[in-house]
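Number of protein chains: 2
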Amino acid sequence: MNLTGHQLIGPRESGAASETFAARNPAADEDLSPLFHEAALAEIDEAAKLAAGAFDAFRRISPGVRADFLEAIAEETLALGDELLERAAAETAHPLARCAAERERVLVHTRQFAAWIREGSWTDARIDHGDPERQPLPKPDVRSLLEPVGPVAVFGASNFPIAISVLGTDTVSAFAAGCPVVVKAHPAHPGTSEIAARAVRKAIVRTGMPEGIFSMVHGRSHEVGARLVAHPRIAAAAFTGSLAGGRALFEVANSRPCPIPFYAEMGSVNPVFLLPGALRARAEGIAKGFVGALTAGVGQFCTNPGLVLGMEGEDWSRFRSLAGTGVAAYDPATMLHAGIHGAYAAGIAERLGRSGLELVGQSTAAAGRGEAAAYLFATTQEGLLADPTLYEELFGPVSTLVTCAGPEEFVEVAERLEGSLSASVHGTEEDLAEHRDLVEVLRRKVGRLIFNGYPVGLEICHSIHHGGPYPATTHAHFTSIGTRAIHRFARPVCYQDWPDSLLPPQLQESNPLGILRLVDGERRR
Amino acid sequence: MNLTGHQLIGPRESGAASETFAARNPAADEDLSPLFHEAALAEIDEAAKLAAGAFDAFRRISPGVRADFLEAIAEETLALGDELLERAAAETAHPLARCAAERERVLVHTRQFAAWIREGSWTDARIDHGDPERQPLPKPDVRSLLEPVGPVAVFGASNFPIAISVLGTDTVSAFAAGCPVVVKAHPAHPGTSEIAARAVRKAIVRTGMPEGIFSMVHGRSHEVGARLVAHPRIAAAAFTGSLAGGRALFEVANSRPCPIPFYAEMGSVNPVFLLPGALRARAEGIAKGFVGALTAGVGQFCTNPGLVLGMEGEDWSRFRSLAGTGVAAYDPATMLHAGIHGAYAAGIAERLGRSGLELVGQSTAAAGRGEAAAYLFATTQEGLLADPTLYEELFGPVSTLVTCAGPEEFVEVAERLEGSLSASVHGTEEDLAEHRDLVEVLRRKVGRLIFNGYPVGLEICHSIHHGGPYPATTHAHFTSIGTRAIHRFARPVCYQDWPDSLLPPQLQESNPLGILRLVDGERRR
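In the order they appear, the protein sequences are chains A and B. Residue numbering for the first sequence follows this note's numbering, starting at 1168 and increasing by one per position. Residue numbering for the second sequence follows this note's numbering, starting at 1168 and increasing by one per position.
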């Protein structure tokens, strides 16, 4: 494929602005061709207006045909062949196998949403029949269902160039809901984004979707994203990235004359609690699993375990030592881009200089240019409470072990946690029952509780929740992975005494789509 | 009942601050006793901390027992007898019968939420079974459900002192979800609020709920509300009131170090479209219904029809004349309080002085002190487009008739509408089918579409939606009336490989609560 570096605006291309930037191969430390054009204000405006113009037509398309479109996206993605994987690997330093696994995730979530909208019950259709004879006032016939909100702005994540970017759950769930999408391509993988976007365009043409439902704009400056979120025709936005970036755009969304929901997933510290029974039984296995989770993807997961808590004693000391050895054996690897590497290096330098923080493990091999070595620090519960910055995520293969004196200290640490995507607890069932207080606190603090496992490697399914209280996300009710993600892009619309034939099919008396509905308070198909 | 004017903080009372204010009888134009104490910062802090402290215990209470608590609130409300109605009437100038109707709404929604949480399927429990043999990676067991978010701040509305205040859907749905509540009492009906709050306290004691789950603070200054929303222990807030007040608190909520969802219902213009067939067949009935809806409750409904659109011609002229006559016959009545009356009077004065706005009807009887006369203005489609302030709500019995030249002008007007709680369309079914384009636009703009009816008088049911795009609300996904309102106060929590006996009962394999669940993608009980 010949990459153009242009904005893809509905069916056409545009490279109006003279400002350009290059994609970079972080492993080779060199620029990649071609140059990408920074989107001009007029191009962003055109993309948003095209999306708004295509919305009514797209929404009217039946769920089954929209599902065909999603399946076509999966097929066209697969048809891109190795080019997608190779460009993603070049732009991110991810191994090819990882890129292939990401593509597999795209196929899974795209097909899952296709099936989900074919099934159709997600629309939460409700019917309360009227009663014209009711006293003292007639009862109206009231029906409602979830309808799409309008054009959605999508910001891909740098760490998943295929699975959480142009082809990610954000784009796919917005399409599934019936919303047009304008993607702001991540400047760290603009070529991968262009390749992926061309698959979406092919699927649009092949299945006859309105052409305005998809655009993609490029930008290295924060301004492009801010302008997109501020655009009056954009109805919602989804973002995966840093806390600073997410919060800044959240503020843009909220300070619009007409605020819109801004769903940001911004990562978290993902604490791991090691209960005594588990450490006694299998400190080796836990240490091995932990080091694997810590260093997976060069530590560049939102679900990276950044804080590990254990109770002082022999088993904990053994775990510390094993984990330190495991970290030492980790060979430094190239990070996604210079910005992330710079922040990681600065964070590590700052931690190394901090008193009260012990270094218990560090990659033995030296890190080359752009590479991250793994680090493992340790402190006590008092040390942690005295230094709240340790509760914050440092993106990369680094974690802090925290020694607690007893169960009360676990609870105290948990109470001070910021919101997190996940918390993991290792223990026997007896351990878990004995630490109910800890679990109760964690239920308030996180989106996902994991028993005897690690948070990395999200299962894509109906039950998964990839969200959590701030700063994990900007709105803890919503997830960015799994079928519940569609709820970010649909809102209830209610029809009162509306003629049956003019109702959306989901609400018509005969239930032509055969979906599960709440009828006069009873769930029925 | 002896009113104290104190803050009710969990089980105790507090009147620490020296600053006080009086409730006022707007009809008699005189103060009512006793004086109410402005909440001090320490009192707000104590209420929020008590709520947070009671949260874990409250959440653990089974849904059935929480439902008993809700039913006890209904019983204790009824047991208050006439005192509640009389005080509400005195503080708001509402007729006693209206106050009784509001109490009836409280009984209905409280019992509806009790039944809803007993049924339990609202928790959206989902199970995806694991598969340890799956290749290349074992599949974890993943389960999730909606859990309560934590303490909720509730701001009552001035226009519904009983039904949308201390005992409103906000408080009841928060309790139903398992969230403690801190009410900021509306300063226009603090006595009604205290009486109602005492019913809640009785229900708490009677059913053995944790005492910290309910507090109420008073304040005439905006500061009390802002401090409550800014309090770190408050997890969400619900508000019904003015756009200015709602937006200000929305900004407080968003600019917290840890932002929280702020669900504000701020009213809207609620356009009414009169299609030709309807006007031809029954202009009299429509005019009568319209004037009734416009002047109901002295025009002080969020769903007041503020804009009426028709196509030029004889039938529309007849409707205009009939509506003008109807408005003239309306006897001015006392508004809720001086603030609302002042804003209404200023808005009317401004409209009377505006060129291009014709006065087609006005109450014949003169308005006394604190009273609102009804007004009906008229303009053309061009006049409306030239003056966007006409799209904004003016709270009170006033509306604007807009003459359009044809269906395209309807669509053009609809496209310029701000978000609205509702839109009403009067017509024959043929009319409606012919104006599909109009309906498509309205689906994007409003929360509820009404055929041959008026938006006032919300039916309390599962299907109702009382929400809509901004400025109708701050988040169009959520409603403040009806059983869907509970979703403002619950978020998904996911359990991965969690031991069955330690899961919430909704997720246990045996489904002990017998709720509808999504199991491996299939809905089952």
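Don't be surprised by glycine CBs; every beta carbon is placed ideally from N, CA and C.
- For B/W1483, the nearest beta carbon of chain A is not closer than 8 Å to its own beta carbon.
- If you draw a straight line from the Cα of B/G1473 to the Cα of B/A1450, it is about 18 Å long.
- In the DSSP annotation of this structure, the continuous segment of the beta strand (DSSP E) that includes A/N1192 starts and ends at 1187-1192.
- Under DSSP, A/G1520 shares a beta bridge with no residue.
- Beta-bridge partners assigned by DSSP to A/Y1662: A/R1310, B/L1616.
- Here A/E1258 is not near A/G1375, since their CB atoms are 8 Å or more apart.
- Looking from the CA of A/L1476, the closest CA among A/A1505, A/G1317, A/L1446 belongs to A/L1446.
- Each of A/L1552, A/L1557, A/G1509, A/A1393 was checked against the Cα of A/E1538, and the nearest Cα belongs to A/G1509.
- Using a Cβ-Cβ cut-off of 8 Å, A/D1298 does not count as an interface residue toward chain B, since no Cβ of chain B sits closer than that to its own.
- Taking a 10 Å sphere around the C-beta of A/T1641, we find 16 or more other C-beta atoms and assign the residue as buried.
- The Cβ neighbour count for B/T1556, taken over all protein chains shown within 10 Å, is under 16; the residue is labelled exposed.
- Under the DSSP assignment, A/D1198 falls in the beta strand (DSSP E) whose first and last residues are 1197-1204.
- Between A/V1494 and A/G1456, the CB-CB gap reaches or exceeds 8 Å.
- Between the stretch 1376-1386 of chain B and the stretch 1213-1227 of chain B there are three or more C-beta pairs closer than 8 Å, enough to call the two in contact.
- Distance between A/E1559 and A/A1512, taken at the CA atoms: about 16 Å.
- Runs of beta strand (DSSP E) with 3 or more residues, each lying fully within the stretch 1355-1389 of chain A, are found at 1381-1384, listed in chain order.
- Short of 8 Å from the beta carbon of A/V1391, and not among the five residues preceding or following it, lie these beta carbons of its own chain, in chain order: E1205, A1206, I1211, K1351, V1384, H1385.
- Shown here for B/A1405: same chain residues with a beta carbon closer than 6 Å to its own, the five before and five after excluded, namely V1321, D1337, Y1430 in chain order.
- In this chain, A/S1591 is not harboured by any alpha helix (DSSP H); it is covered by the beta strand (DSSP E) spanning 1587-1593.
- When Cβ-Cβ separations below 8 Å define contact, B/Q1663 makes contact with chain A.
- Straight-line spacing of the CA atoms in B/Y1542 and B/R1521 works out to 14 Å.
- Burial state of A/S1587 is buried, judged by a 10 Å Cβ sphere holding 16 or more other Cβ atoms.
- Bounds of the alpha helix (DSSP H) holding A/A1411 are 1410-1421.
- The residue from B/T1290, B/D1198, B/A1241, B/G1220 with its alpha-carbon nearest to that of B/E1269 is B/A1241.
- Under the DSSP assignment, B/V1319 falls in the beta strand (DSSP E) whose first and last residues are 1319-1322.
- Across the structure, A/L1312 and A/P1672 are spaced so that their CA atoms are roughly 10 Å apart.
- The stretch 1653-1666 of chain A and the stretch 1613-1627 of chain B touch, with no fewer than 3 CB-CB distances between them shorter than 8 Å.
- Only residues of its own chain outside the window of five on either side were considered, and among them G1177, G1379 have a CB closer than 6 Å to the CB of B/L1217, listed in chain order.
- For A/E1689, the enclosing beta strand (DSSP E) begins and ends at 1689-1691.
- When rounded, the separation of the alpha-carbon atoms in A/T1244 and A/H1632 is 25 Å.
- In the three-state reduction of the DSSP assignment, A/Y1497 falls in the coil class, being assigned neither a helical nor a strand state.
- Between the stretch 1184-1192 of chain B and the stretch 1275-1283 of chain B there are fewer than three C-beta pairs closer than 8 Å, too few to call the two in contact.
- Note on geometry: alpha-carbon atoms of B/D1482 and B/P1443 lie some 8 Å from one another.
- For the pair A/G1649 and A/I1627, the CB atoms are nearer than the 8 Å cut-off.
- Cα atoms of A/A1490 and A/A1545: separation of roughly 11 Å, rounded to the nearest angstrom.
- The alpha carbon of B/L1263 has as its nearest neighbour, out of B/P1201, B/P1328, B/G1413, the alpha carbon of B/P1328.
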